[in-house]
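If you want my numbering, it's the position in the sequence shown, counting the first as 1, plus 1.
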Amino acid sequence: MPEAVQPYDAALVRAQFPALRSGRAHFDAPGGTQTPEPVARAVYDVLAGPLSNRGRRTPAERNADSFVLAARDAMGDLLGVDPGTVVFGRSATALTFDMARTLARTWQSGDEIIVSRLDHDANVAPCLIAAERAGVRVHWADFDPATGELDLASITGRLSERTRLVALTAASNLIGTTPDIAAVAEAVHRTPGLLYVDGVHYTAHEFVDVPALGADLYVCSPYKFLGPHHGVLTGPADLLRDLAPDKLRPSTDAVPERFELGTLPYELLAGTAAAVDFLAGLVPGDGARRDRLRASLTALAVHEDALRDRVEQAIAQLPQVTVHSRAAERTPTLFMTFDSRSPEEVSDHLAADGIDAPAGTFYAYEPARRLGVDSGLRIGLAPYSTQEDVDRFIVSLGDLLGR
């Protein structure tokens with residue numbers, strides 16, 4: 002029998018976020034979460050202590066080395082991968098540009114790649130640019146704007162022995178759709194192609210198991226799940242060894258360092274390790290950190306989904322609102338437009354009521370075009386979201402739309 006889901010105490014979690022003491026309700030988590038005190042403290046402690054470049058001779062060198070290794074261990078636990086395959090970079094976007102350029106060196110005329118209209122442009126544009134430079138053909142996977150569901154056949158029907166890469170999001174940052182990545186991976190792996198998965202939005206809401214997903218390369222951003230601003234990429238060690246990234250001549254050729262350009266941001270890596278520890282402690286528990294993450298993130302998903310259901314039920318009673326987040330499997334993220342109000346007007350009204358819910362398309366260039374919208378209001382739930390936040394949002398939105 003499956004283990005019982007532990008109760009989730011959102012008030013206890015929320016109390017550990019200094020930014021929330023202002024009393025504002027934050028629904029802007031898909032663009033970046035607020036920071037818990039232990040994460041901020043970890044960043045401060047690194048900068049306040051002895052620090053140098055990585056090494057083992059002096060305390061400052063050993064400190065730097067330990068922060069890197071601890072962050073690799075933490076991300077290995079969060080993603081279910083070997084810590085020795087965890088690559089750090091400036092951002093998920095920068096890592097994807099770097100990896101697309103590296104992969105393209107293995108492509109030749111006649112090869113093909115597939116990108117998706119469901120994706121954030123950070124998982125599309127780098128591939129398009131690399132494909133154009135390499136002279137390879139680009140196919141597009143599509144989704145149904147009426148349901149938000151990925152059209153799996155638009156991928157499988159285009160796979161062939163010429164396929165070299167499929168780039169796909171694990172969760173849409175705009176409408177929340179979570180495609181069946183494992184099914185896509187199974188199909189892709191019948192070809193010579195690799196599956197590059199954008200896990201930036203997905204990692205914030207799911208217990209991630211990269212090997213089970215079947216992703217050959219997986220990228221995410223800790224600032225979406227309570228950590229600092231940088232990027233993380235992982236892939237099998239043999240794949241990372243076989244690739245030939247741009248690097249400085251004296252720098253090591255070892256994995257994963259060969260993909261990391263310049264000195265790493267040690268203070269941010271310490272914050273990332275602290276963020277993973279914080280996630281592992283969202284509900285009481287003991288045992289290995291990976292096991293505690295499973296329990297905590299399972300409980301968090303139940304909490305966030307219940308709040309999302311509450312929002313959806315209330316919005317269904319309001320006039321002139323179109324919710325574009327409709328897929329059967331989706332994150333607690335809602336993207337909506339209004340018949341008689343601009344999303345910016347709604348966002349401004351909410352902000353005046355102490356509620357942060359942004360308007361725009363959030364670099365989801367292709368999904369917005371497919372939906373036929375140039376802006377919308379996005380509501381995103383997070384570990385610190387409460388029923389009180391949701392009710393404030395519902396009342397404020399209802400007041401505006403009822404006028």
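Virtual Cβ for every residue (Gly too), placed ideally from N, Cα, C.
- C-alpha of R73 to C-alpha of V87: approximately 6 Å in a straight line.
- For H140, the uninterrupted beta strand (DSSP E) run begins and ends at R138 to A142, by DSSP.
- If you look at S117, you'll find it in the beta strand (DSSP E) that goes E113 to S117.
- Annotation: I395 to V209 spans about 31 Å, alpha carbon to alpha carbon.
- Linking L104 to R393 through their CA atoms gives a straight-line distance of about 47 Å.
- When the five nearest sequence neighbours on each side are left out, the beta carbons in the same chain lying within less than 6 Å of the beta carbon of S92 are those of G232, in order along the chain.
- Within the stretch 223 to 300, the complete alpha helix (DSSP H) segments at least 4 residues long are 238 to 243 and 267 to 281, listed from N- to C-terminus.
- Among the bridge pairs identified by DSSP, M337 is matched with V324 and L378.
- Taking a C-beta distance under 8 Å as the contact criterion, S343 and T334 do not qualify as a contact pair.
- Judged by beta-carbon spacing, R293 lies within the 8 Å limit of G282, meaning their Cβ atoms are closer than that value.
- When DSSP states are grouped into helix, strand and coil, G32 belongs to the helix group.
- Taking the Cα positions, S155 is about 32 Å away from Q314.
- Rounded to whole angstroms, the separation of the alpha carbons of R291 and G81 is 8 Å.
- Counted as a single uninterrupted DSSP element, the beta strand (DSSP E) harbouring A168 occupies residues T164 to T170.
- A205 carries a helical assignment under DSSP once its states are collapsed to helix, strand and coil.
- Fewer than three beta-carbon pairs drawn from the stretch 235 to 243 and the stretch 271 to 278 are found closer than 8 Å, and the two stretches are therefore not classed as touching.
- Cβ-Cβ distances below 7 Å link G288 to nothing in the same chain once the five nearest sequence neighbours on each side are left out.
- L160 and L153 have their C-alpha atoms roughly 11 Å apart.
- Listed in chain order, the non-local C-beta contacts of S117 below 6 Å within the same chain comprise A142 and L169, local neighbours out to five positions each way being set aside.
- The residue from D400, P39 and F336 with its alpha-carbon nearest to that of A369 is F336.
- Counting C-beta atoms within 10 angstroms of its own C-beta, N174 has 16 or more neighbours from the protein chains shown and is therefore classed as buried.
- Taking the C-beta atoms as reference points, A65 is found nearer than 8 Å to L52.
- DSSP places R57 outside both helix and strand once states are collapsed to three, so it counts as coil.
- In this chain, the alpha helix (DSSP H) harbouring V347 covers P344 to A353.
- Cα atoms of I316 and V322: separation of roughly 7 Å, rounded to the nearest angstrom.
- By a beta-carbon distance limit of 8 Å, D29 contacts G381. Their separation comes to about 7 Å.
- D66 sits in a helix when the DSSP states are folded into three classes.
- With 16 or more other Cβ atoms inside 10 Å of its own Cβ, Y224 counts as buried.
- Classified as buried, L119 has 16 or more neighbouring CB atoms from the shown chains inside 10 Å of its CB.
- The C-alpha of T107 lies about 10 Å from the C-alpha of A101.
- Per DSSP, reduced to three states, the secondary structure at Y197 is strand.
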